[in-house]
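Report on one structure; see the data block that follows.
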Amino acid sequence: MTKEQFTLDLTIDRNSPVPLHAQIANPLMELIQSGKLAPGTRLEDEVSMAQRLQVSRPTARKALETLVNHGLIIRRRGAGTEVTPRQVHRPMALTSLKEDLQREGHTPSTRVLEWSQEPAPDNVAAMLRLEPGATIARIRRLRLTDERPLAIMTNYLRPEIAPSRDELGARGLYECLRDRGIEMALGTQQIGARLATRDEAQLLGEPEGAALLTMQRTAYDSLHEPIEYGSHAYRASLYTYSQTVFA
């Protein structure tokens, strides 16, 4: 079923000091930020917009690019222009992504892509304080929110504490570990950004080379023993970190 297309009811004021592209972008921005244009709403393309509002195509393109740069719309070749889905705003804390999503009112789900036992890469062995080449459990999952792919999560744990594939398909990693009497007390993590590979883009429903947020985390128990090391990649179009800072 084709989505109904939204067209902005607007009269361009050519005598205004406000640039033409801003006269188009600003009311659209207000409609999206106020929630009057719901996530997933399809907008008209730049050619149609230019013809209807009697502006140049570069002007219409610049208006839409303004909204893209603010993270308010997504433009995809062959799929059109849509208002972005509601973003996930996650605190900088040692928490479970699944539980964070549930607290924000999202509906999370998981696909376990890989579950294997293999020799630990040198960097993972060092993070988990294991001998080089020690056997570890490697788990790779696709986390979805409201049926939209959100993150690719790769975790490494000692095999004797690793939850099973079936457990991880239904529950979060930290929840499974708590059932084993393992409580996370602190973690160290690094936040970064990079471009999506072809495989990641296909899994996340993004074009190859789309922006990803990344996180590498080592989590420790109350005795400061390392429990798991994770390397995660998130869709930048859906996901942001938030942190409170003090002067």
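To convert, count from 1 in the sequence shown and add 43; that's our numbering.
No residue lacks a Cβ here, since even glycine has one placed at the ideal position from N, Cα and C.
Next on the checklist: Using CA atoms only, rank isn't needed, just tell me which of ALA244, LEU266, ARG181, THR283 is closest to GLY273.
Outcome noted: Counting from one through the sequence shown, the residue named residue 273 turns up at place 230. Nearest C-alpha to GLY273 among ALA244, LEU266, ARG181, THR283: ARG181.
Checklist entry - How should LEU80 be labelled, buried or exposed, when 16 other C-beta atoms within 10 angstroms of its C-beta is the threshold for buried? => result For this step, residue 80 is matched to residue 37 along the sequence shown. Per the 10 Å Cβ criterion, buried.
Item to check | Among ALA68, LEU187, GLY230, GLU218, the one whose alpha carbon lies nearest that of HIS113 | outcome: Position 70 of the sequence shown, counted from the first residue, corresponds to residue 113. Minimum Cα distance to HIS113 is reached at ALA68.
Item to check | Distance, ALA169 Cα to TYR282 Cα | outcome: By one-based count along the sequence shown, residue 282 stands at place 239. By one-based count along the sequence shown, residue 169 stands at place 126. Rounded to the nearest angstrom, the two C-alpha atoms are 29 Å apart.
Checklist entry - What's the C-alpha gap between GLY148 and GLU125? => result In the sequence shown, residue 148 corresponds to position 105, counting from 1. In the sequence shown, residue 125 corresponds to position 82, counting from 1. Across the structure, GLY148 and GLU125 are spaced so that their CA atoms are roughly 22 Å apart.
Checklist entry - If you run the structure through DSSP and keep just helix, strand and coil, what is ARG278? => result The sequence position of residue 278 within the sequence shown is 235, counting from 1. ARG278: strand per DSSP, three-state reduction.
Checklist entry - If we ignore side chains and look at the alpha-carbon of each, how far apart do MET44 and ARG85 end up? => result Taking the sequence shown and counting its residues from 1, one reaches residue 44 at position 1. Taking the sequence shown and counting its residues from 1, one reaches residue 85 at position 42. Low confidence applies here, because MET44 scores a pLDDT of 43, under 50, leaving its location unreliable; read the following figure in that light. Straight-line Cα distance between these residues: approximately 13 Å.
Checklist entry - What are the uninterrupted segments assigned as alpha helix (DSSP H) that are 4 or more residues long and contained completely in the segment 50 to 91, given in chain order? => result Complete alpha helix (DSSP H) runs here, min 4: 63 to 76.
Next on the checklist: Going by C-alpha to C-alpha distance, which of GLY123, ARG191, ASN198, GLY176 sits closest to ARG183?
Outcome noted: Translated into positions along the sequence shown, residue 183 becomes position 140. Ranked by how close their Cα comes to the Cα of ARG183, the residues GLY123, ARG191, ASN198, GLY176 have ASN198 in first place.
Checklist entry - For THR292, does the count of other Cβ atoms within 10 angstroms reach 16, so buried, or fall short, so exposed? => result With the chain covering only 44 through 290, there is no way to say anything about residue 292.
Item to check | ALA228 - containing alpha helix (DSSP H), residue span | outcome: The residue labelled residue 228 in the question sits at position 185 within the sequence shown. From DSSP, ALA228 is part of no alpha helix (DSSP H); its letter is neither H nor E.
Item to check | ALA213 versus ILE116 - alpha carbon distance | outcome: For the purposes of this step, residue 213 is taken as residue 170 along the sequence shown, with counting starting at 1. For the purposes of this step, residue 116 is taken as residue 73 along the sequence shown, with counting starting at 1. Near 32 Å, if we compare the C-alpha coordinates of ILE116 and ALA213.
Item to check | Cutoff 7 Å; reference PRO38; Cβ partners in own chain excluding five residues on either side | outcome: Here the chain has residues from 44 to 290 only, and residue 38 is not among them.
Next on the checklist: Contact defined as beta carbons within less than 8 Å: I believe GLU243 pairs with LEU255. What is the distance between those atoms, to the nearest angstrom?
Outcome noted: Sequence index remark: in the sequence shown, residue 243 carries index 200 (1-based). Sequence index remark: in the sequence shown, residue 255 carries index 212 (1-based). Between LEU255 and GLU243 the Cβ distance is about 7 Å, and since that is below 8 Å, they are a contact.
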